[in-house]
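Line by line, the protein sequences give chains A and B.
Quick note on numbering: the first sequence equals residues 1 to 492 in the working numbering.
Quick note on numbering: the second sequence equals residues 1 to 492 in the working numbering.
We put the CB at the ideal spot given by N, CA and C, even for glycine.
Worksheet: one structure, shown below.
2 protein chains.
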Amino acid sequence: MAFEKITRAQDYSKWYNNLVENADLAQHSSVRGCMVIKPYGYAIWEKMQAELDQRFKETGHQNAYFPLFVPKSLFEAEEKNAEGFAKECAVVTHYRLENDPDNSGKLRVDPNAKLEEELVVRPTSEAIIWNTYKGWIQSYRDLPILVNQWANVVRWEMRTRLFLRTAEFLWQEGHTAHATRQEAVEETNQMIQVYSEFAKNVLAIPTIMGTKTESERFAGADDTLCIEGLMQDGKALQMGTSHFLGQNFAKAFDVKYTNKEGKLDHVWATSWGVSTRLMGALIMSHSDDEGLVLPPSIAPIQVVVIPIYRGLEQLEIISETIQPIIDRLEKKGITVKFDDRDTHKPGFKFAEWELKGVPVRIAIGPRDIENGTVEVARRDTKIKQVLAITDIDINVEHLLKAMQEEIYLNALNFRDNHITLVNTWDEFVDVLENKTGFISAHWDGNEETEDKIKEMTKATIRCIPFDNPKEEGSCILTGNPSSQRVLFAKAY
Amino acid sequence: MAFEKITRAQDYSKWYNNLVENADLAQHSSVRGCMVIKPYGYAIWEKMQAELDQRFKETGHQNAYFPLFVPKSLFEAEEKNAEGFAKECAVVTHYRLENDPDNSGKLRVDPNAKLEEELVVRPTSEAIIWNTYKGWIQSYRDLPILVNQWANVVRWEMRTRLFLRTAEFLWQEGHTAHATRQEAVEETNQMIQVYSEFAKNVLAIPTIMGTKTESERFAGADDTLCIEGLMQDGKALQMGTSHFLGQNFAKAFDVKYTNKEGKLDHVWATSWGVSTRLMGALIMSHSDDEGLVLPPSIAPIQVVVIPIYRGLEQLEIISETIQPIIDRLEKKGITVKFDDRDTHKPGFKFAEWELKGVPVRIAIGPRDIENGTVEVARRDTKIKQVLAITDIDINVEHLLKAMQEEIYLNALNFRDNHITLVNTWDEFVDVLENKTGFISAHWDGNEETEDKIKEMTKATIRCIPFDNPKEEGSCILTGNPSSQRVLFAKAY
């Protein structure tokens, strides 16, 4: 693997791009802004999907599937939502190609196959889903509707980056309908908690839960909750959002229900989603200059076994010794890869699995067999131990658990050290430029102020954290009175 | 559920449409030809996905994800493939909407946001994938590539039917690359076997494996293998295909590899897929006039428990009695739903779960509790038994296994009774019109003859079955010599 070695300190952005490509996670495609998710990257995404899907089902949700296309007239029904996404919509205008008469062997759009109404490739599915829910909901007995969809969506972004911002991405979008405001608010809260717990326990990423300011809200929402992570370069990353949509979509699509008293009312709504963007968060939370570092809970391969041998006879002895160990590990639900490729040397394999972030490496050679030992190396700290082959399965199981915890605590420690309270504009700019991370500062609650700060520094208000203490102060920019601090950061 | 009751004998097609909608499997959307897959239908599809995905992984495949869009210039590279799909392509021409100046609150396509090159919404992904594989393959060490994708695809069909033929559908498409012709041929065969085994053991549908004639081949393939099922109305349904693509895509996209001897050669390819069409096959293989009949292996709910009670006190006693039974069933991996909705009467529930095809219904009332019994009804035969509550979990487990087997045998029996050998044109037309099903008949191997038969009768050659015995005969239409029989049928 003769890759150009770029460290995080040299160029974090280039390091990220290299890592994504070199670790076989994803690559650019020949379609502007669209990525190919390679098998190794997709295997990580599949683990995320499985963990999230289980949580959705445990909280009473079912999956369904709605059309990829949204007719323009439906798309524009909820005006704020439409306005928010109109500028980045891929639009289908024709339904047929024909042979190009001027260019043999080539095709062109058939001008006679123009659609009567253009179709928008979904940038999000509220419109098509609420238009469907209209037919599903008559009375309170039909509520709540708790539905999730795993799907691809398209937002025609001008500047794209693998996983972080791509024209097409994969996500899940929950869309729920409720009889009461309170129930919808509770659902909105529940789902941001689900995301936060998943980020913590599976991705080993600490997040801050909070509310977005009005200007950062989802287009069409009354309230947007979010989880914000902090990447190693001190920039924040929005990892998931949960929207309280009020009755906005019910009104736009005329979705009413009869309550127990026989009265008609509009239905209350939420929507919530996370996307392949989480892959970016995972990479930028834990990895190092040697490559990916995966928390065991999300690693498609948790343990790689590398035989050190000369000749097939030695390999056979090693295989015979290690196979019962592998079986025991697998019986514990641990995913093991025995890398017995004869085409590559151990050194190459060590570097490759390091690059790919496999949490634990077991190396075993003839000397180990004599001594009844193996060498166990952990990816995160790179600490190696020589351990007795007996009980190695129990030791590895404990090690994986400890690593999961420690990787989280490291990220938490980094994050906590990068929340800085500041009280003046100079401090604000200084921390933003030099220390980076989240800045807890007073803001006067004015959208204009927010815009000005963004313009001057590129910092945005990431959220107003839950349980934010009330505290009198003055806005760092305007000096106007403020009743609470909010969290600023530069963000992806 | 005040549905218009249509029996299969009255109008099979209408019966099918009603069932799909009434059993909450899918519905039409406001996008022409696109369906909404409802939660209950999607739960069945998820079970299909899980079973197939496991089989793909067991045979060494990994999942990945490739872009939704194919630039026109890539799409047209493999000419036969392009020609085959050009007439049904949704085409993205613009990437932005703008406010319509003539129509306040409405949007229109922004004429300044025209794409330089149109994007085809993938009708199948060979083009985009082989363009990607070009970068993945240099030497024989990079082969084989064994990749599958779960995705949505769009084919602008003029006549659509829920699940059977929709403009957008969900599918999986395997795309593999090999160093040798033989390996690719073996892969093509392996995957059709996987589909056939899945159809048999999970969907309880017997299929005939065979080869398509040239005119029925996938556009761009050298050979197309298929599994064909027989629906209750005597029409065939193509349930899955596996294509040997030869070097066609490797040549179109210039994908070469260096073999062990250092020589350059084009790579060999396969692709294979099944889609949400399988939902249609499942419905039309087993269901009856009361609704869906699901083989236990694919049922999202395998057992429904319905309490017969008056007043909450009785319900409580029933709940307490039945809960340990439910726990024991669930411990055996059986999915159970306890339908204790207070809003509906038992009769309503019986009909609803019958409509939804839940394999086993357990009813329990106060009398049962006195007697230590429950009533167990199976969905397929509607036979009811009163059984002792002790060991009910073991009895139900056995029952589910027996039902899976019997549902398959019934379908097999029907299918086998609907393969008719005919030797004359009159017989052919008679069987086609009256008995229906597969017809095994001689054909002269000529494409013109095939077309003529299709034109005259709507029957197509479904396949040349594997291990077809050689047998001299004369073509039913032309009387020309033929060396083997082929299978004709009218088909979906």
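Could you check what DSSP says for residue i in three-state terms: helix, strand or coil?
| i | result |
| --- | --- |
| Leu477 (chain A) | coil |
| Trp515 (chain A) | Residue numbering for chain A in the displayed model covers 1 to 492; residue 515 (chain A) lies beyond these limits and cannot be assessed. |
| Ile334 (chain B) | coil |
| Trp150 (chain B) | strand |
| Lys5 (chain B) | coil |
| Gly234 (chain A) | coil |
| Gly291 (chain B) | strand |
| Gln182 (chain B) | helix |
| Ser13 (chain B) | helix |
| Ala388 (chain B) | strand |
| Asp368 (chain B) | helix |
| Val431 (chain A) | helix |
| Lys470 (chain B) | strand |
Let me check understanding here. Comparing Cα to Cα, which of the options lies closest to residue i?
| i | options | result |
| --- | --- | --- |
| Trp150 (chain B) | B:Ala50, B:Ala184, B:Cys34, B:Lys263 | B:Ala50 |
| Leu536 (chain B) | B:Lys57, B:Lys200, B:Leu315 | With chain B running from 1 to 492 in the structure shown, residue 536 (chain B) is simply not present. |
| Asn259 (chain B) | B:Thr180, B:Phe350, B:Gly246 | B:Thr180 |
| Thr207 (chain B) | B:Glu433, B:Ile419, B:Asp368 | B:Ile419 |
| Val358 (chain B) | B:Gln385, B:Met403, B:Tyr492 | B:Met403 |
| Val92 (chain A) | A:Leu107, A:Val154, A:Ala82 | A:Val154 |
| Trp171 (chain A) | A:Gln385, A:Arg277, A:Lys57 | A:Arg277 |
| Ser498 (chain A) | A:Glu186, A:Phe218, A:Trp443, A:Ser73 | Residue 498 (chain A) lies beyond the stretch modelled for chain A, which goes from 1 to 492, so this question has no answer here. |
| Ile505 (chain B) | B:Glu320, B:Val336, B:Ala351 | Since the first and last residues shown for chain B are 1 and 492, residue 505 (chain B) lies out of range. |
| Ile326 (chain A) | A:Gly473, A:Trp156, A:Leu162, A:Gln302 | A:Gln302 |
| Gly445 (chain B) | B:Tyr16, B:Phe85, B:Lys212 | B:Lys212 |
| Gly174 (chain A) | A:Thr160, A:Thr124, A:Met158 | A:Thr124 |
| Trp268 (chain B) | B:Ile383, B:Ala221, B:Gln193 | B:Ala221 |
| Thr176 (chain B) | B:Pro300, B:Glu375, B:Leu146 | B:Leu146 |
| Leu355 (chain A) | A:Arg55, A:Lys384, A:Asp380, A:Ala127 | A:Asp380 |
For the alpha helix (DSSP H) containing residue i, list its first residue and its last residue.
| i | result |
| --- | --- |
| Gly311 (chain A) | 311–331 |
| Tyr54 (chain B) | The residue you asked about is not Tyr; residue 54 (chain B) is Gln in the sequence shown. Its alpha helix (DSSP H) spans residues 39–58. |
| Glu76 (chain B) | Element bounds for Glu76 (chain B): n/a, residue is neither H nor E. |
| His286 (chain B) | 277–286 |
| Gln404 (chain B) | 392–416 |
| Lys454 (chain B) | 447–457 |
So who's on the other strand from residue i, going by DSSP bridges?
| i | result |
| --- | --- |
| Leu487 (chain B) | B:Ser440, B:Cys463 |
| Ile145 (chain A) | A:Ala177 |
| Thr270 (chain B) | B:Thr176, B:Phe244 |
| Glu168 (chain A) | A:Val154 |
| Ile362 (chain A) | A:Val305, A:Val376 |
| Arg108 (chain B) | B:Glu98 |
| Met35 (chain A) | A:His28 |
| Pro512 (chain B) | Outside the shown range of chain B (1 to 492) lies residue 512 (chain B), about which nothing can therefore be said. |
| Lys80 (chain A) | Paired residue(s): none; Lys80 (chain A) is not in a bridge. |
| Gln62 (chain B) | B:Val147 |
| Val91 (chain A) | A:Val120, B:His94 |
| Asp254 (chain B) | Its beta-bridge partners do not exist; DSSP assigns none. |
Quick one: give me the first and last residue of the beta strand (DSSP E) that residue i is part of.
| i | result |
| --- | --- |
| Thr211 (chain A) | 208–211 |
| Leu115 (chain A) | 114–121 |
| Thr494 (chain B) | It is not possible to answer for residue 494 (chain B), since the shown part of chain B is limited to 1 through 492. |
| Gln138 (chain A) | From DSSP, Gln138 (chain A) is part of no beta strand (DSSP E); its letter is neither H nor E. |
| His28 (chain A) | 26–28 |
| Gln424 (chain A) | Before going further, note that residue 424 (chain A) is Thr rather than Gln in the sequence given. No beta strand (DSSP E) holds Thr424 (chain A); DSSP gives it neither H nor E. |
Any heavy atom of the ligand GTP inside 7 Å of the beta-carbon of residue i?
| i | result |
| --- | --- |
| Leu164 (chain A) | Ligands are entirely absent from the displayed structure, and the ligand GTP is therefore not among its contents. |
Can you pull the chain D residues whose beta carbon is under 9 Å from the beta carbon of residue i, in chain order?
| i | result |
| --- | --- |
| Trp156 (chain B) | Reference to chain D is not applicable here, since the protein chains of this structure are A and B. |
Original post:
Taking any Cβ of chain B, which residues in the stretch 247–280 of chain A have a Cβ under 8 Å from it, in chain order?
Top reply: none
**OP:** Give the residues from the stretch 49–72 of chain A that approach chain B closer than 8 Å (Cβ to any Cβ), ordered along the chain.
**Re:** Gln62, Asn63, Ala64, Tyr65, Phe66, Pro67, Leu68, Phe69, Val70, Pro71, Lys72
Original post:
Of all the residues that make up the stretch 141–156 of chain B, which are near chain A by a beta-carbon distance shorter than 8 Å?
Top reply: Arg141, Val147, Ala151, Asn152, Val154, Trp156
Original post:
Got a sec: which bits of the stretch 169–198 of chain A sit with their beta carbon under 8 Å from any beta carbon on chain B, in order along the chain?
Top reply: Leu170
**OP:** Return the residues of the stretch 341–363 of chain B that lie within a Cβ-Cβ distance of less than 8 Å from chain A, sorted by chain order.
**Re:** Thr343
**OP:** Give, in chain order, every residue of the stretch 4–34 of chain A whose Cβ lies closer than 8 Å to some Cβ of chain B.
**Re:** Gln27, Ser29, Ser30, Val31, Cys34
**OP:** Pull out every residue of the stretch 303–332 of chain B whose Cβ sits closer than 9 Å to any Cβ of chain A, in chain order.
**Re:** none
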